[in-house]
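Trainee: Using the working numbering, the letters of the sequence shown map in sequence onto residues 58 to 719. Built from N, CA and C at the ideal position, the CB exists for glycine as well. None of the values given here were measured: they were computed from a predicted structure.
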Amino acid sequence: MAEKKDKKSTKINEDGSALSVCEATQKMIDRARELKVSTVYDRAAAMKPCLIGAEGSCCKNCSMGPCRVPPSKKEDEPQKVGLCGATAETIAARNFARMVAAGAAAHSDHGRGVAEVFLAAAKGEVPGYGIKDVQKLLQVGLDLGLDVEKMETKELAIKIGEKCLAEFGQQEGELLFAKKAPLKRQELWRKHNLMPRGIDREIVEIMHRTHMGVDQDYKNLTAQAGRAALGDGWGGSMIATELQDIMFGTPVPVTGSINLGVLNEDTVNIIVHGHEPLLSEMIVVACQDPEMVKLARSKGASGITLAGMCCTANEILMRHGIPIAGNFLQQELAIITGVLDAMVVDVQCEMQSMSNIAKCFHTQLITTSPKAKIEGARHIQFEEHNPIETAKQIVRAAIGAYPNRKSNSFIPSEKNDMVVGFSHETINYLLGGTFRSSYRPLNDNIIGGRIRGIAGVVGCNNARTVHDGQHLALIKELIKNDVIVLTTGCSAMACGKAGLLAPEAAKEYCGSGLAEICETVGIPPVLHMGSCVDNSRILIAATAVVKEGGLGDDISDLPAAGAAPEWMSEKAISIGHYFVASGVYTLFGTTFPTTGSKKFTEYLFNNLEEEWGGMWDFVDNPLDMAKKMIAHIDKKRKALGIDKARDRVLMDMQMRRELDAV
Ligand code: NFS
């Protein structure tokens, strides 16, 4: 049935440039154009972004506007203000804060959903779900201040579920997981009034403060955005990660494969796409059910292939090794292969265009969350109290669609192998060795200079730049310079597709120090830590490095930096802001949503470091971004007095090379 023409792609944008560095993606863009199916790549070429909006200079918070206040073109031209007098910095800061609110809300509502199901599962009300990781249950119980020794597993799980749910609506006091941060960081949060109260409260307060005529001080708005973002990173997202680990298992290293080539011509193909693993965990089970496999065979298929997309993919990959079909900018393309029988979505990062594209093929687009319906899609609602039944209904729908395939299928051949599953617990175990789990060897290698520093490279794809290109250029440059990279989200998938998540990548891409460590321990130089809510794992890993000792007493002391070179979602802004508020120098690429206000941007990019120990930055070119991150890492090494150690290592290598040359 497949047209066997897996030829090389033409890689042609209208101006001759590449749209993606991912070969499968480029082939599918060509294929879509052949079939005259419009994709995000075509729409990006046809519709330019509004520059005033992109730089945060448009206020539409009341009906006297929208007011546009772009920077003055000439020196003597007065800076425009809104009808109410709102300045460019107020407008940019309000817009920025609202992005944080939306992003924090998305992660936290995910976390709330997990907490609700967790509590129901703990009470034994959800068939199929239970406690998979008792060790982590105990750890989280301790983190929440519970007397774990006095409780049975069931009682403890119920208490944890209740405590976590209460974190959302808590009116006063401090978030419980914030106490996991280094003590110095907690003191700083208290000093600057950044310590988050209840998650919902911080988000609501942003919406209040950014209403017309309320908070009109950009610094005050930045702080409130910081509080809400911390409520995301150390609250909503962390709750999601921790409870998912307890319910579904804490990830351990597992192999998997990635890219559109994981789809199969002769099986029923199902993709689960979105962010919440609640239903997809059960779809994994349903796809393996002999009754379902038999049903698929009765329709002429040889079996069922389940694959993931976006962060739902990361969740089931990390825990079950389920293959990934692709990242954000590949979702339409997966349908265009013509072999996708069901695209099952939950929440977030789902393009509405899939609905129209699915109509050109036989694909069932199935929504499952009451919070995320799509016009034209079939809705099969996730039944929280009987998830296996919902899952089977979905798998049956996919099998039912299989005989309707048209003869125009095309699957690009690309798929890559990778090793994933680097939770904080795994890193601790792997680096510490058999005798004692510990971050000591990591710290020692940073102090000794074999590892120059740590980078978190995370975030989305963005159709305004070359798909995957920024991630890969940045990450390759970092590991070449001995910076170990922790990755999540669509960035992690870009790495997987490019072979960076395989241990062999160390030899090919790393500087000699990092390569040596990776080869000794048997890990890739880029560690896949999970989905975007799992950025909370990076916070925990950074805290563990601080607590291990020898690298300062706060996250802001670490030779570390964070980046999201292809970001596009509001969630990314919330993540960036909680990294900054946690003391991390954080760089974004493509565009930055405040540049319309020089004063506010200056505050985020410079002054914030004095107050918070972390700051924002914007760099479009990934190699320049790497340079800035490395310069920051070196600055921190110097402050810690460990720059000499590295010099010595470099000198040794240099000397060795010179000796070799003789
Ligand atoms: Ni993160 Fe995951 Fe991807 Fe971006 Fe979307 S899937 S939550 S938001 S696009 S990394």
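Is the Cβ-Cβ distance between E623 and N519 less than 9 Å?
Mentor: Along the sequence shown, read from residue 1 onward, the residue named residue 623 stands at position 566. Along the sequence shown, read from residue 1 onward, the residue named residue 519 stands at position 462. Yes, the Cβ-Cβ distance between E623 and N519 is below 9 Å.
Trainee: Are the stretch 291-301 and the stretch 166-173 touching by the rule of at least three beta carbon pairs closer than 8 Å?
Mentor: Output reads yes: the stretch 166-173 touches the stretch 291-301.
Trainee: Hey, V183 and P444: beta-carbon distance below 9 Å or not?
Mentor: In the sequence shown, residue 183 corresponds to position 126, counting from 1. In the sequence shown, residue 444 corresponds to position 387, counting from 1. Result yes, Cβ atoms of V183 and P444 sit closer than 9 Å.
Trainee: Using 8 Å as the cut-off, classify the Cβ of C552 as near or not near the heavy atoms of ligand 1, replying yes or no.
Mentor: The residue labelled residue 552 in the question sits at position 495 within the sequence shown. Because no heavy atom of ligand 1 lies under 8 Å away, the Cβ of C552 does not count as near it: no.
Trainee: DSSP three-state call for D302: helix, strand or coil?
Mentor: By 1-based counting over the sequence shown, the position of residue 302 is 245. If DSSP states are grouped into helix, strand and coil, D302 belongs with the helices.
Trainee: How many angstroms separate the CA atom of A688 from the CA atom of S165?
Mentor: Within the sequence shown, the letter at position 631 stands for residue 688. Within the sequence shown, the letter at position 108 stands for residue 165. Going by the C-alpha atoms only, they are around 34 Å apart.
Trainee: Over the uninterrupted beta strand (DSSP E) stretch that includes V138, give me the two end residues.
Mentor: Reading the sequence shown from its first residue, position 81 is the one you call residue 138. Per DSSP, V138 belongs to no beta strand (DSSP E) and is neither H nor E.
Trainee: For the stretch 242-293, which segments carrying the alpha helix (DSSP H) assignment without a break, of at least 4 residues, lie completely within its bounds, in sequence order?
Mentor: As far as the stretch 242-293 is concerned, its whole alpha helix (DSSP H) runs of at least 4 residues are 256-266, 275-288.
Trainee: Using the Cα positions of A551 and R88, report the straight-line distance between them to the nearest angstrom.
Mentor: What you label residue 551 is simply residue 494 of the sequence shown in a count that begins at 1. What you label residue 88 is simply residue 31 of the sequence shown in a count that begins at 1. Rounded to the nearest angstrom, the two C-alpha atoms are 21 Å apart.
Trainee: Helix or strand or just coil, what does DSSP make of N371?
Mentor: The sequence position of residue 371 within the sequence shown is 314, counting from 1. Note: N371 maps to helix in three-state DSSP.
Trainee: Can you say whether M708 is buried or exposed, counting buried as having 16 or more other CB atoms within 10 angstroms of its CB?
Mentor: Position 651 of the sequence shown, counted from the first residue, corresponds to residue 708. Reliability of the predicted coordinates at M708 is poor, the pLDDT of 48 falling under 50, and no value is obtained from them.
Trainee: Out of K564, G357, I392, point me to the one whose CA is closest to S412's CA.
Mentor: As a first step, residue 412 must be located in the sequence shown, where it is residue number 355. Answer by Cα proximity: I392.
Trainee: Who are the near neighbours of D501 in its chain, counting only those whose CB is closer than 8 Å to its CB and skipping five residues on each side?
Mentor: By one-based count along the sequence shown, residue 501 stands at place 444. Cβ within range, chain order: G607.
Trainee: With H, G and I counted as helix, E and B as strand and the rest as coil, what does DSSP make of S77?
Mentor: Counted from its first residue, the sequence shown places residue 77 at position 20. Note: S77 maps to strand in three-state DSSP.
Trainee: Can you give the Cα-Cα distance for L543 and T312, rounded to whole angstroms?
Mentor: The count along the sequence shown starts at 1 and reaches residue 543 at position 486. The count along the sequence shown starts at 1 and reaches residue 312 at position 255. Cα to Cα, L543 sits roughly 17 Å from T312.
Trainee: By how many angstroms is the C-alpha of E132 removed from the C-alpha of L557?
Mentor: The count along the sequence shown starts at 1 and reaches residue 557 at position 500. The count along the sequence shown starts at 1 and reaches residue 132 at position 75. Going from the Cα of L557 to the Cα of E132 covers about 48 Å.
Trainee: Taking a contact to mean a Cβ-Cβ separation below 9 Å, would you say V758 touches A617 in this structure?
Mentor: Because the chain is modelled from 58 through 719, residue 758 falls outside the range shown and cannot be assessed.
Trainee: W624: beta carbon under 8 Å from a heavy atom of ligand 1?
Mentor: For the purposes of this step, residue 624 is taken as the residue at position 567 of the sequence shown. Yes; taking the cut-off as 8 Å, the Cβ of W624 has a heavy atom of ligand 1 nearer than that.
Trainee: Using 8 Å as the cut-off, classify the Cβ of G360 as near or not near the heavy atoms of ligand 1, replying yes or no.
Mentor: As a first step, residue 360 is located in the sequence shown; it is residue number 303 there, counting from the start. No, the beta carbon of G360 sits no closer than 8 Å to any heavy atom of ligand 1.
Trainee: At the level of alpha carbons, what is the spacing between D700 and I690?
Mentor: Walking along the sequence shown from the start, residue 700 turns up at place 643. Walking along the sequence shown from the start, residue 690 turns up at place 633. Answer to the nearest angstrom: the Cα atoms are 10 Å apart.
Trainee: Tell whether a beta-carbon distance below 9 Å holds between A179 and K211.
Mentor: Within the sequence shown, the letter at position 122 stands for residue 179. Within the sequence shown, the letter at position 154 stands for residue 211. A contact, by the Cβ cut-off of 9 Å.
Trainee: Between which two residues does the alpha helix (DSSP H) containing D323 stretch?
Mentor: Residue 323 sits at position 266 when you count from the first residue of the sequence shown. Unbroken run through D323: none, as it is neither H nor E.
Trainee: Sorted by chain position, which residues of the same chain lie with C-beta nearer than 6 Å to M121's C-beta, five sequence neighbours on each side aside?
Mentor: Within the sequence shown, residue 121 is the residue found at index 64, counting from 1. Around M121: L140.
Trainee: When you measure from the CB of G516 to every non-hydrogen atom of ligand 1, does any distance come out below 8 Å?
Mentor: Position 459 of the sequence shown, counted from the first residue, corresponds to residue 516. Yes - ligand 1 has a heavy atom lying nearer than 8 Å to the Cβ of G516.
Trainee: Return the residue from the list G609, A598, V590, I503 that minimises the CA-CA distance to I574.
Mentor: Translated into positions along the sequence shown, residue 574 becomes position 517. Here the closest residue by C-alpha is I503.
Trainee: Can you tell me whether DSSP reads A59 as helix, strand or coil?
Mentor: The residue given as residue 59 occupies position 2 in the sequence shown. Any reading at A59 needs caution, since the residue's pLDDT is 43, under 50, leaving its predicted position unreliable; the model's value is listed next. The answer is coil: DSSP assigns A59 none of H, G, I, E or B.
Trainee: N321: beta carbon under 8 Å from a heavy atom of ligand 1?
Mentor: As a working note, residue 321 is residue 264 in the sequence shown. Outside the cutoff, so no.
Trainee: Straight-line CA distance for S77 to K207?
Mentor: To locate residue 77, count along the sequence shown from 1; it is residue 20. To locate residue 207, count along the sequence shown from 1; it is residue 150. If you take the alpha carbons of S77 and K207, they lie about 56 Å apart.
Trainee: Using the Cα positions of D717 and A162, report the straight-line distance between them to the nearest angstrom.
Mentor: Numbered from 1 along the sequence shown, position 660 holds the residue referred to as residue 717. Numbered from 1 along the sequence shown, position 105 holds the residue referred to as residue 162. At D717, the pLDDT of 49 sits below 50, so the modelled position is not reliable; the number obtained from the coordinates is stated separately. Those two C-alpha atoms are separated by around 57 Å.
Trainee: Ligand 1 and F645: does the residue's C-beta get closer than 8 Å to at least one heavy atom of that ligand?
Mentor: Your numbering for residue 645 matches position 588 in the sequence shown. No, Cβ of F645 sits at least 8 Å from all heavy atoms of ligand 1.
Trainee: In whole angstroms, what is the alpha-carbon distance linking I532 and I468?
Mentor: For the purposes of this step, residue 532 is identified with residue 475 of the sequence shown, where counting begins at 1. For the purposes of this step, residue 468 is identified with residue 411 of the sequence shown, where counting begins at 1. When rounded, the distance between both Cα atoms is 28 Å.
Trainee: If we count the other Cβ atoms within 10 Å of its Cβ and call it buried at 16 or more, is T577 buried or exposed?
Mentor: As a first step, residue 577 must be located in the sequence shown, where it is residue number 520. Classification for T577: exposed.
Trainee: Would you tell me roughly how many angstroms separate the C-alpha atoms of S410 and A434, rounded to the nearest one?
Mentor: Here residue 410 is taken as the residue at index 353 of the sequence shown, counted from 1. Here residue 434 is taken as the residue at index 377 of the sequence shown, counted from 1. Cα to Cα, S410 sits roughly 11 Å from A434.
Trainee: What residues are listed by DSSP as bridge partners for L680?
Mentor: By 1-based counting over the sequence shown, the position of residue 680 is 623. Paired residue(s): none; L680 is not in a bridge.
Trainee: Given S359, which residues of its chain have a CB within under 6 Å of its CB, disregarding the five upstream and five downstream residues?
Mentor: Indexing the sequence shown from 1 puts residue 359 at position 302. These residues qualify, in order along the chain: D323, T324.
Trainee: Taking the beta carbon of N592 as the centre, do at least 16 other beta carbons fall within 10 Å, making it buried, or is it exposed?
Mentor: One-based indexing of the sequence shown puts residue 592 at position 535. Buried is the call here.
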